[in-house]
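Step one of this worksheet: look at the structure below.
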Amino acid sequence: MSGLVGGGEVSRVLYFGALVRSVNGSTPATEEKDGTPPDGMEAFVQLTRPGLSALGALGMGNGWAQWAYSIGGVFGTADLKQTNNTTYASVNTATRLMVAKITFNHTANDTATVWLDPNPDHGDNQVWSVCRATVTGDFSFSQLAYRSGNIPDLNGWEFDEVRFATDWRGVITNLPSLRQGIMIKIH
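Just so you know, we're using this note's numbering here: the sequence shown kicks off at 2 and counts up by one.
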């Protein structure tokens with residue numbers, strides 16, 4: 002046994018969902034330090050494991066490219082885009098739902114697809130206008146981490162309702178009322 006979720010000889014599907022919100026939609030979520038790394042790191046709810054860089058295995062939030070909602074990890078970053086592959090959603094202060102489907106494959110690279118504000122009733126079959134990205138890599142993990150800016154009112158992010166499940170419904174059932182692109186109030 003590898004001690005990792007998705008590690009070893011595992012070939013299964015895991016869903017991972019979270020509500021994410023940037024406190025300031027116009028300020029990058031940098032970690033303000035002395036000019037040496039990790040200045041400018043991404044803001045993510047992140048799956049990681051020992052031995053990986055600070056980028057982790059897979060994260061959902063913002064990975065800089067166009068200051069757009071994106072995913073990141075040791076494979077790099079990818080903006081969540083509509084299926085026309087050109088339209089992305091810029092980061093703002095709305096609370097957004099991000100859902101990942103990770104397909105672990107013990108004989109090849111794992112695959113992860115992440116959707117931004119998916120329709121809860123459509124599962125994996127989201128309409129073209131729902132922003133998404135699909136990436137491949139080794140997404141096995143043993144830790145959950147939160148990466149955010151270190152000045153809360155300037156560059157912080159908030160994460161809530163982080164869930165793991167073996168099916169789509171498990172990560173979206175009983176969430177606070179959420180309409181696509183509309184800010185929700187979390188109590």
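Beta carbons: idealized from backbone N, C-alpha and C, even for Gly. The model shown is predicted, which means the values in this text are computed figures rather than measured ones.
Taking its Cβ as the centre, do 16 or more other Cβ atoms sit within 10 Å of residue i, making it buried, or is it exposed?
i: residue 119; result: buried
i: residue 135; result: exposed
i: residue 174; result: exposed
i: residue 168; result: exposed
i: residue 69; result: buried
i: residue 40; result: Bear in mind that a pLDDT of 40 at residue 40, under 50, signals an unreliable position, so the model cannot answer this.
i: residue 128; result: exposed
i: residue 42; result: A caution first: residue 42 carries a pLDDT of 46, below 50, which makes its placement in the model too unreliable to give a value.
i: residue 137; result: exposed
i: residue 74; result: buried
i: residue 19; result: buried
i: residue 113; result: buried
i: residue 181; result: For residue 181, the pLDDT reaches just 45, beneath the cut-off of 50, and the residue's location in the model is therefore unreliable, although a value from the coordinates is still provided. Residue 181 is exposed by the Cβ-count criterion.
Tell me which residues share the same chain as residue i and place their Cβ nearer than 6 Å to its Cβ, disregarding the 5 neighbours each side in the sequence.
i: residue 165; result: 17
i: residue 44; result: 30, 62, 63, 148, 149 and 158
i: residue 15; result: 103
i: residue 72; result: 61, 79, 115 and 134
Report back the beta-carbon spacing between residue i and residue j to the nearest angstrom; my notes put them in contact at under 8 Å.
i: residue 46; j: residue 160; result: 5 Å
i: residue 115; j: residue 95; result: Not confirmed; about 17 Å, so no contact.
i: residue 11; j: residue 107; result: 6 Å
In chain order, what residues of the same chain lie with their CB nearer than 7 Å to the CB of residue i, ignoring the 5 residues before and after it?
i: residue 21; result: 46, 61, 62, 97, 99, 158 and 160
i: residue 49; result: 57, 58, 142, 144 and 146
i: residue 54; result: 75
i: residue 5; result: 50, 141, 142 and 143
i: residue 88; result: 82
For residue i, collect the residues of the same chain with a Cβ closer than 8 Å to its Cβ; drop the 5 residues on either side in sequence, then sort them by chain order.
i: residue 7; result: 13, 15, 103, 105, 111, 140, 141 and 142
i: residue 36; result: Confidence in residue 36 is poor, its pLDDT being 43 and thus under 50, which makes the residue's placement too unreliable to answer from.
i: residue 85; result: 129
i: residue 117; result: 70, 81, 90, 97, 98, 99, 131, 132 and 133
How about residue i: is its C-beta nearer than 8 Å to some C-beta of chain C?
i: residue 4; result: Going by chain labels, chain C is absent from the structure shown, which holds only one protein chain.
* beta strand (DSSP E) segments (min. 3 residues) lying fully within the segment 120-176 -> 133-138, 144-148 and 158-166
* What are the complete beta strand (DSSP E) segments, minimum 3 residues, inside the segment 61-112? -> 70-74, 77-80 and 97-104
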